[in-house]
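>
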Amino acid sequence: MSEDFHIAYFDGACKPNPGQMKIGFLIKDPNGKNIIEGTEKMGFGTNNQSEYLALLELSKQLVKLKINNVKMKGDSQLVVNQINCDWKCENLFLKRLNLQIQELLKEIPNWSLEWVRRDQNKEADLLSN
403 MSEDFHIAYF DGACKPNPGQ MKIGFLIKDP NGKNIIEGTE KMGFGTNNQS EYLALLELSK
463 QLVKLKINNV KMKGDSQLVV NQINCDWKCE NLFLKRLNLQ IQELLKEIPN WSLEWVRRDQ
523 NKEADLLSN
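Okay, structure coming up:
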């Protein structure tokens, strides 16, 4: 297994909150080159829902591209801590998204998810706004 990691960023936004959701994500190869990015309007919802939906779409892309080593980064403490099982997820809608993401992550042999400050997530932030 290669020790070279892809880096993937995700972000969700909602204007106003609740309001129109939009997501953004991007995946960089181990050399830092963008290999895919995406943005999509997701309908009406909340900031937390849009953050979860952004990670869900990112996870689908990672599986589709068969990326095995990835460090995922996002600026939502809620999503990062709930996916990493450090915080409980009690909201039923978010819990469903959490379970879908957990199932997808089972298909990625070596992954990590970490919280970063918003200024370290600028590219995904731009895609979600």
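In the numbering used here, each residue carries its 1-based index in the sequence shown increased by 402. Ideal Cβ positions, reconstructed from N, Cα and C, are used throughout, including at glycine.
Looking at the secondary structure, which residues open and close the alpha helix (DSSP H) in which Asn450 lies?
By one-based count along the sequence shown, residue 450 stands at place 48. Where Asn450 is concerned, the enclosing alpha helix (DSSP H) stretches over 449-466.
> Using the C-alpha atoms, what's the distance from Lys475 back to Asp527?
Numbered from its first residue, the sequence shown carries residue 527 at position 125. Numbered from its first residue, the sequence shown carries residue 475 at position 73. Asp527 and Lys475: Cα-Cα distance of roughly 12 Å.
> Check whether the region 412-430 and the region 446-455 are in contact - that is, three or more C-beta pairs closer than 8 Å.
yes
> Would you mind stating whether Leu428 and Glu525 have Cβ atoms separated by less than 9 Å?
Against the sequence shown, residue 428 aligns to sequence position 26. Against the sequence shown, residue 525 aligns to sequence position 123. Yes, the Cβ-Cβ distance between Leu428 and Glu525 is below 9 Å.
> In this structure, does DSSP put Phe495 in helix, strand or coil?
Along the sequence shown, one-based indexing puts residue 495 at 93. Correct three-state label for Phe495: helix.
> By the 10 Å Cβ neighbour count, where 16 or more other Cβ atoms means buried, how is Phe412 classified, buried or exposed?
Translated into the one-based positions of the sequence shown, residue 412 becomes position 10. Phe412 is buried by the Cβ-count criterion.
> Below 8 Å CB to CB, which residues in the same chain sit around Ser530 once its five sequence neighbours on both sides are set aside?
On the sequence shown, position 128 is the one that residue 530 refers to. Here the set comprises Asp413, Gly414, Ala415, Lys424, Ile425, Gly426, Thr441, Ser452, Ala456.
> Quick test of your reading: Phe407 and Asn471, contact by CB under 8 Å. State the CB separation rounded to the nearest angstrom.
As a first step, residue 407 must be located in the sequence shown, where it is residue number 5. As a first step, residue 471 must be located in the sequence shown, where it is residue number 69. Correct: roughly 5 Å between the Cβ atoms.
> Is Leu467 buried or exposed, if buried means 16 or more other CB atoms sit within 10 Å of its CB?
On the sequence shown, residue 467 is found 65 positions in, with the first residue counted as 1. Answer is exposed; the Cβ neighbour count stays below 16.
> Report the rounded CA-to-CA distance for Asn500 versus Lys490, giving the unit in angstroms.
Within the sequence shown, numbered from 1, the residue matching residue 500 stands at position 98. Within the sequence shown, numbered from 1, the residue matching residue 490 stands at position 88. Asn500 and Lys490 have their alpha carbons spaced roughly 11 Å apart.
> What whole-angstrom Cβ distance do Lys435 and Ile409 have, given they're in contact under 8 Å?
In the sequence shown, residue 435 corresponds to position 33, counting from 1. In the sequence shown, residue 409 corresponds to position 7, counting from 1. Actually they do not touch by this definition, with Cβ atoms about 10 Å apart.
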